[in-house]
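Residue 636 in full-length UniProt numbering is what sits at position 636 of the sequence shown, and the numbering runs on without skipping anything.
Cβ atoms here follow ideal geometry from the backbone N, Cα and C, with glycine treated the same way.
The model shown is predicted, which means the values in this text are computed figures rather than measured ones.
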Amino acid sequence: SLYVSEYFSQSAQKLSFYSWYGNAKLFHFRVPEDTVLLRWLLQASRGKGPECTNMEITVHFRYGAPPVINPLGTRFPANATVPPSYSLSMALRGTTQNNTFVNISTPAAGDWFIAAHLPQAAGRIEVKGFSTPCSYMFQADMFVLRLPEMPVLEPGVAVPQTIPSPAKPLHVKVFVPKHAAGMLLELRSCLTREQKACAVRVVLGSITLPQSFQRILTCTGNTSCSLALESPPWEKWLQIMVESLGAASANVSVEMLASFTACRPGSTSSFVNFSSLNQSQTGPRPGSPGAAGSPALPSGEASHNASAQRSFCLQTQPVVREDLDVVSVRYRLLNGPGVPVHTISPTLLLLNLNTGMDSGGSLVVNLLLNKTSVSLGNASVVGCVSAASPVLSLNATRNCSTAFFQGYPLSLSTSSAEAMLIVLYPQTDDWFLSLQLICPQGQGECNSAEAKVTVFAYLTPCFNDCGPYGQCSLLRRHGYLYAGCSCKAGWGGWSCTDDSKAQSIGVQNLATLLLTLSNLMFLPAIAVAVYRYYLVEASVYTYTMFFSTFYHACDQPGVAVMCIMDYDTLQYCDFLGSVVSIWVTILCMSRVKKILKYVLFLLGTLLIAMSLQLDRRGVWNMMGPCLFALIIMIAAWVYHGVKRSRCYPSSWKRWVFYLLPGITLAFIAISVYAFMETNENYYYTHSIWHVLVASSVAFLLPPRDKHKKPWAWSQKLTCRYQICQNDREELYAVT
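Put into structure tokens, the structure is as follows:
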């Protein structure tokens, strides 16, 4: 046979230290049909600067959906499925590049995902521009080897095949039809060239990561062998590989026969109620009063349905997929949320997740048993959620597994009437919910019983919207969208439900009070500015104090939050006020002419507003105005010193009691802001920054001009009319 090789590549991505799922860099590939060999080329590299150290990169693989990873060891939400992760490590020690190959034979066709990330983030808050972080790059390339003319087995037809040698295995495929309950693969007349019984190994199915459920049959010493599968994947091509275990020159001939056992489905209704398509499913949620399901059928119709069910191996319920938004789907049952469940055959619901854009969310299935619908107290309802094909024998085997998939079991009883299942990142496929009533042994009258189960199923980007301490973020890799939770206030986990390191309400209130009330230290600076007639500067400090207070009140991660404006507006105003405060303070210290000072005030504010709009967190947005203002101040001081032929400022008291303390406080504040802040100590280190900066402003403001008199309100207020008193003595003459 002729093999065809293909090559797929994606652009390299810069890796990040891991703190949440958004830090993992995702690669999405699609493996074509008839692929017999898959090879990944993983390339990791780092920069050459001194800041680049030895690093270990973790790479995760998964078929069908993005990998579910937990590098931080946090807890997942209750009732959530956590598939094992297939991962490997790539070390960058002593070298700047590492190339690693990963080979997979007979891979499953469809979506494959790779996620790569660096170790856990240190949590230090770095000011952009103060340091140059090392750049770690990762790129994944995919090579596939396909067999376009792979032989096809027709069901019920024996096809002779030949295995030339052990080095050249035989690859064939068979299409599994819908409603196939079982498959039987038979090898007949398996003989070598010397007409002896052959020794071969048969592998059914394809490899999927992190788990692979390939079925292997070893046939030695017999001319015929067989392998049976229960619930093979519906409407899919199933690859079969046969390799010889004999001598290198042994030629093996064999006849292969594939046969299927059909499952006759039955429907609860003979027609689709199209009018219900326009009605929203507004029934009560599970656990709420009145969630009893749909009304019961008349007794005559119910008995007719019970007799008809015996001729079917399953009962299907019509389900409509309703797309709400990106990675947001609701499944509506046309006959109402109440689903009848019997003992004779399982009830089947199809949950369609095969669009290719549904694997980036969470599939939630919620079941509620109507206790009044079960006539026997010891009966229970067993459910199974599986992909590719349903479980059709819940009454016989309760392991909830199909031929190539391990499903997720659910159980309901009168003592436990509610069950929930959360499938994180469900793989792209048709998903099935199978429900069946299980009766205790020796109770034959239970076989005619019927249970009502209310089913709510939906796909959501983030389960419970990440809770009160998380934010659901929609992530994108090229055209593929997926969601992840970013947690705050010390909470962690996939859905921000892990409170092992969570901040208490008292700590959250303390953090809010420190970050907001520390801005009141601007009041002394405002008072000094007003007292010394620096009214423009006092207005800027008032603006900064106001917006910094309410920005930090809105920026809190916990429940102690108050936003008077849009968050982005508050952040911009806070950053603008901080930089402009530094700008006007240094210019005020330079003692330039008033007209020049106010022109620089206005021009500098406009330029600062523009630069902050371009990049708010850039270090040069603060350092640039500071350095330019310092140059102006130094030039003005030198000019005054040369003109007066002495040092400026000339008073040693001004240096000792005002300038040196102010400069010291400013340098300490910059050191705390740039080098000491982390995610854990942010609320008190940033509060210290507020106190130090505001205090330094009060020290650095220059004294008022000599011709300015102090504020004297009695001298400023004069009366319009003045009453004068005549003190002249009058002399009276006595006659």
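Checklist entry - Leaving out five residues before and five after C462 in sequence, what residues of the same chain have Cβ atoms less than 6 Å from its Cβ? => result Position 462 of the sequence shown, counted from the first residue, corresponds to residue 462. Excluding residues within five positions, the ones whose Cβ falls inside 6 Å are C472, A483, C485.
Item to check | Where M622 sits in the DSSP three-state scheme | outcome: On the sequence shown, position 622 is the one that residue 622 refers to. Collapsing the DSSP output to three states places M622 in a helix.
Item to check | Three CB pairs or more closer than 8 Å across the stretch 132 to 146 and the stretch 240 to 249 | outcome: Judged by Cβ distances under 8 Å, the stretch 132 to 146 makes no contact with the stretch 240 to 249, as fewer than three pairs qualify.
Checklist entry - Using DSSP with H/G/I as helix, E/B as strand and the rest coil, what is A522? => result Locating residue 522 in the sequence shown gives position 522, where the first residue counts as 1. This sequence places Phe at residue 522; Ala is not what is there. Correct three-state label for F522: helix.
Checklist entry - In three-state DSSP terms, what is N305? => result Here residue 305 is taken as the residue at index 305 of the sequence shown, counted from 1. With a pLDDT of 48 at N305, under the threshold of 50, the modelled position of this residue cannot be trusted; read the value that follows with caution. Three-state DSSP puts N305 in a helix.
Next on the checklist: Assess contact between the stretch 509 to 516 and the stretch 84 to 97, defined as three or more Cβ pairs (one per stretch) separated by less than 8 Å. Is contact present?
Outcome noted: In short, these stretches do not touch, since the Cβ pair count stays below three.
Item to check | Rounded straight-line distance, which links the Cα of Y7 to that of residue 759 | outcome: Nothing can be reported for residue 759: it is not among the residues displayed for the chain, which extend from 1 to 735.
Item to check | Through-space distance from Y18 to I631, alpha-carbon basis | outcome: Walking along the sequence shown from the start, residue 631 turns up at place 631. Walking along the sequence shown from the start, residue 18 turns up at place 18. Looking at the two C-alpha atoms, the distance is approximately 42 Å.
Item to check | the stretch 571 to 582 in contact with the stretch 543 to 550 per 3-pair CB rule at 8 Å | outcome: At 8 Å Cβ cutoff, the stretches touch.
Checklist entry - Would you say I216 touches the ligand MN, meaning its beta carbon is less than 6 Å from a heavy atom? => result Looking at this structure, you won't find the ligand MN or any other ligand, since it has none at all.
Item to check | Pick from C487, L481, T460, A457 that is closest to P468, judged by C-alpha positions | outcome: On the sequence shown, residue 468 is found 468 positions in, with the first residue counted as 1. For P468, the nearest C-alpha among the options comes from C487.
Item to check | Status (buried if at least 16 other CB within 10 Å, exposed otherwise) for M565 | outcome: Your numbering for residue 565 matches position 565 in the sequence shown. M565 is exposed by the Cβ-count criterion.
Checklist entry - Looking at the unbroken alpha helix (DSSP H) that takes in Q613, where does it start and where does it end? => result Position 613 of the sequence shown, counted from the first residue, corresponds to residue 613. Residues 594 to 614.
Checklist entry - Does the beta-carbon distance from A80 to L424 come in below 7 Å? => result In the sequence shown, counting from the first residue as 1, residue 80 sits at position 80. In the sequence shown, counting from the first residue as 1, residue 424 sits at position 424. Using a Cβ distance threshold of 7 Å, A80 and L424 count as a contacting pair.
Next on the checklist: From the DSSP secondary-structure annotation, give me the bridge partner or partners of M420.
Outcome noted: The count along the sequence shown starts at 1 and reaches residue 420 at position 420. Per DSSP, N366.
Next on the checklist: Measuring alpha carbon to alpha carbon, tell me which residue in N251, W494, V642, P71 is nearest C190.
Outcome noted: For the purposes of this step, residue 190 is taken as the residue at position 190 of the sequence shown. Of the listed residues, the one whose Cα sits closest to C190 is N251.
Checklist entry - So which of P557, A629, R616, L612 has the shortest CA-CA distance to V592? => result If you number the sequence shown from 1, residue 592 lands on position 592. For the options P557, A629, R616, L612, the alpha carbon positioned closest to that of V592 is the one of A629.
Item to check | Stretch pair the stretch 196 to 216 + the stretch 149 to 159: three plus CB contacts closer than 8 Å | outcome: Contact between the stretch 196 to 216 and the stretch 149 to 159 is absent, because fewer than three Cβ pairs lie under 8 Å.
Checklist entry - Taking buried to mean at least 16 other C-beta atoms within 10 Å of its own C-beta, is P9 buried or exposed? => result Taking the sequence shown and counting its residues from 1, the one referred to as residue 9 is at position 9. Checking the displayed sequence, the identity of residue 9 turns out to be Ser instead of Pro. With fewer than 16 neighbouring CB atoms inside 10 Å of its own CB, S9 falls in the exposed class.
Checklist entry - In terms of residues, what are the limits of the beta strand (DSSP E) holding Y63? => result Sequence index remark: in the sequence shown, residue 63 carries index 63 (1-based). Segment 55 to 63, the beta strand (DSSP E) holding Y63.
Checklist entry - What are the boundary residues of the alpha helix (DSSP H) that includes residue 753? => result Given that the chain is displayed from residue 1 to residue 735, the structure contains no residue 753 and the question cannot be resolved.
Item to check | Uninterrupted alpha helix (DSSP H) stretches inside the stretch 517 to 561 (no shorter than 4 residues) | outcome: Qualifying alpha helix (DSSP H) stretches, in chain order: 522 to 531, 535 to 554.
Checklist entry - For the alpha helix (DSSP H) that H342 lies in, which residues bound it at each end? => result Mapped onto the sequence shown, residue 342 falls at position 342. Where H342 is concerned, there is no enclosing alpha helix (DSSP H), because DSSP gives it neither an H nor an E.
Checklist entry - Can you round the beta-carbon distance between S85 and V68 to whole angstroms, since I take them to be within the 8 Å contact cut? => result Numbered from its first residue, the sequence shown carries residue 85 at position 85. Numbered from its first residue, the sequence shown carries residue 68 at position 68. Correct: roughly 7 Å between the Cβ atoms.
Item to check | Top-ranked residue by Cα proximity to G492, from R30, Q13, L72 | outcome: By one-based count along the sequence shown, residue 492 stands at place 492. Restricting attention to R30, Q13, L72, the CA atom closest to the CA of G492 is found in L72.
Checklist entry - Whole-angstrom Cβ separation of A197 and G221, contact assumed at under 8 Å? => result If you number the sequence shown from 1, residue 197 lands on position 197. If you number the sequence shown from 1, residue 221 lands on position 221. Rounded to the nearest angstrom, the Cβ distance from A197 to G221 is 5 Å, consistent with a contact under 8 Å.
Next on the checklist: Tell me whether the stretch 546 to 561 and the stretch 659 to 671 touch, counting them as touching only if at least three CB pairs, one residue from each stretch, are closer than 8 Å.
Outcome noted: Short answer: they don't touch.
Checklist entry - Is the distance from the Cβ of T35 to the Cβ of P107 below 7 Å? => result The sequence position of residue 35 within the sequence shown is 35, counting from 1. The sequence position of residue 107 within the sequence shown is 107, counting from 1. Yes, the pair counts as a contact, with Cβ atoms nearer than the cut-off.
Next on the checklist: Taking DSSP's pairing of strands, which residues face P27 in a bridge?
Outcome noted: As a working mapping, residue 27 is identified with position 27 in the sequence shown. Residue identity check: residue 27 is Phe in the sequence provided, not Pro. Per DSSP, the beta-bridge partners of F27 are I114.
Checklist entry - Under the rule that 16 or more other beta-carbon atoms within 10 Å means buried, what is L459, buried or exposed? => result Reading the sequence shown from its first residue, position 459 is the one you call residue 459. L459 counts as buried, since no fewer than 16 other beta carbons sit within 10 angstroms of its beta carbon.
Next on the checklist: Which same chain residues end up closer than 6 Å to N679 when comparing Cβ atoms and leaving out the 5 residues on each side of it in sequence?
Outcome noted: Here residue 679 refers to the residue found at position 679 when the sequence shown is read from its first residue. Sequence-distant Cβ neighbours of N679 in its own chain, meaning closer than 6 Å and more than five residues away, are G123.
Item to check | Endpoints, beta strand (DSSP E) assigned at H478 | outcome: For the purposes of this step, residue 478 is taken as the residue at position 478 of the sequence shown. Premise fails: H478 is in no beta strand (DSSP E) and is neither H nor E.
Next on the checklist: Along the chain, where does the beta strand (DSSP E) containing L324 start, and where does it finish?
Outcome noted: Here residue 324 corresponds to residue number 324 of the sequence shown, with the count starting at 1. 319 to 325 is the span of the beta strand (DSSP E), which, as asked, contains L324.
Item to check | For G558, the nearest candidate out of Y534, V507, L587, L602 (CA to CA) | outcome: Along the sequence shown, read from residue 1 onward, the residue named residue 558 stands at position 558. Ranking Y534, V507, L587, L602 by CA distance to the CA of G558 puts V507 first.
Next on the checklist: DSSP has I163 in a bridge; who is on the other side?
Outcome noted: Along the sequence shown, read from residue 1 onward, the residue named residue 163 stands at position 163. V252.
Item to check | Span of the alpha helix (DSSP H), counted from its first residue to its last, around T664 | outcome: Position 664 of the sequence shown, counted from the start, is the residue given in the question as residue 664. Where T664 is concerned, the enclosing alpha helix (DSSP H) stretches over 660 to 671.
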